[in-house]
Amino acid sequence: MEVRKAVIPAAGFGTRFLPVTKAQPKEMMPVLDKPTIQYVVEEAVEAGIDDILIITGRGKQAIERHFDKSYELEEALEEDGKLDRLGRVRDIADLADIHYVRQKERDGLGDAVRYARKHVGDEPFALLLGDTIIENGTPCTETLIDAAEEHEESVLSLERVPWEDVPAYGVADVGNGASTDESFPVDDFVEKPPQEEAPSNLAITGRYVLTPEIFEHLESIETGVGGELQLTDAIRELERVRGVELDGDRYDIGNIPSWLQANVEMALRHDDGKMNAAVEKLLKEQFE
1 MEVRKAVIPA AGFGTRFLPV TKAQPKEMMP VLDKPTIQYV VEEAVEAGID DILIITGRGK
61 QAIERHFDKS YELEEALEED GKLDRLGRVR DIADLADIHY VRQKERDGLG DAVRYARKHV
121 GDEPFALLLG DTIIENGTPC TETLIDAAEE HEESVLSLER VPWEDVPAYG VADVGNGAST
181 DESFPVDDFV EKPPQEEAPS NLAITGRYVL TPEIFEHLES IETGVGGELQ LTDAIRELER
241 VRGVELDGDR YDIGNIPSWL QANVEMALRH DDGKMNAAVE KLLKEQFE
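According to the UniProt record's numbering, the sequence shown is numbered sequentially starting from 1.
Here's what the structure looks like:
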């Protein structure tokens, strides 16, 4: 089992960020000096994947333009002698072989993943949500790939969330098998359960490695929570699934508080001394 391809769904409306997402994809919301989806693509590349399929939708053309070559901009930067910025712009277009397919109807994450079937074929693949940034020493996707290739099973990243937030997530039932040290079997999943019915507070966090059998189950399941085709329901039908408890910081850029948190915390970790100092000064002034 070798994971060589990644799929990034990026077709949602981004309603929690309206009105800015009326004309701009939520995946293009900037965190520091890069759009969210660039961090996601870079995570896949750092995990050793250079064949990436992005599933887009209507009004998402900005994503394609961002990863395309920009001749006019490059020429202008070169003429102005801004070679450092020129290099960063060129690096974006050279990150990976990026392909696109458009989801015709927004009918849930499960429906979006179905559009990857022709590109993925009979291979396992990494799935990374396009509006979620995960920061840690070892890329989350790399950790999942290592576990998937070792056990030859689908593997999901899980995170312990506050119990009051459980109804917003797909939640894992792990019995007594959860461990922070290695992957562990998962017995079942429940999509967005009421807090009192949730088997745990271990939530699916937007990173997966899935075997190609997932596509058969996506074709056979019925619509679920919210009247949409839920990926979690298809994962439940897989014969074996493992979990890895998240090690790192996760930011859901689909909502404003998490986006603000990402900008502040990632700015403090940035290697730009002036940026660090500016953020620290701002925080000191606001909270003294």
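Just so you know, even glycine gets a beta-carbon here, dropped at the ideal spot from N, CA and C.
Query	Result
Given Val101 as reference, the closest of Leu53, Thr132, Glu265 once Cα atoms are compared	Leu53
Cut-off 6 Å between Cβ atoms - residues of its own chain near Leu158, not counting five sequence neighbours on either side	Ala172, Leu202, Gly243, Glu245
First through last residue of the beta strand (DSSP E) which encompasses Ile55	51-56
Three-state secondary structure assigned by DSSP to Thr132	strand
Gln24 to Pro212 span [Cα, whole Å]	32 Å
Closest by C-alpha distance to Leu95, when choosing among Ala44, Thr132, Asp80	Ala44
Other residues of its chain near Ile253: CB distance less than 6 Å, five sequence neighbours each side excluded	Met29, Thr36, Asp131, Trp259
Alpha carbon of Val207 to alpha carbon of Ser154, nearest angstrom	One point to set straight first is that residue 207 is Arg, not Val, in the sequence displayed. Computed Cα separation, rounded: 11 Å.
Bridge-paired residues (DSSP) for Phe189	Ala172
Contact the stretch 134-142 vs the stretch 163-171: 3+ CB pairs below 8 Å	no
Cβ-Cβ distance between Gly57 and Arg4 below 8 Å	no
N-terminal and C-terminal residue of the alpha helix (DSSP H) that Ser258 is part of	256-269
Beta-carbon proximity check, Ala126 vs Ala47, cutoff 8 Å	yes
Nearest candidate by alpha-carbon position, reference Glu27, set Arg240, Arg90, Pro199, Leu128	Leu128
DSSP three-state assignment for Thr205, whether helix, strand or coil	strand
Nearest-angstrom Cα separation, counted from Glu216 out to Asp111	12 Å
DSSP-derived helix/strand/coil call for Gly243	strand
Nearest residue (CA-CA) to Tyr115, options Glu265, Ala10, Tyr251	Ala10
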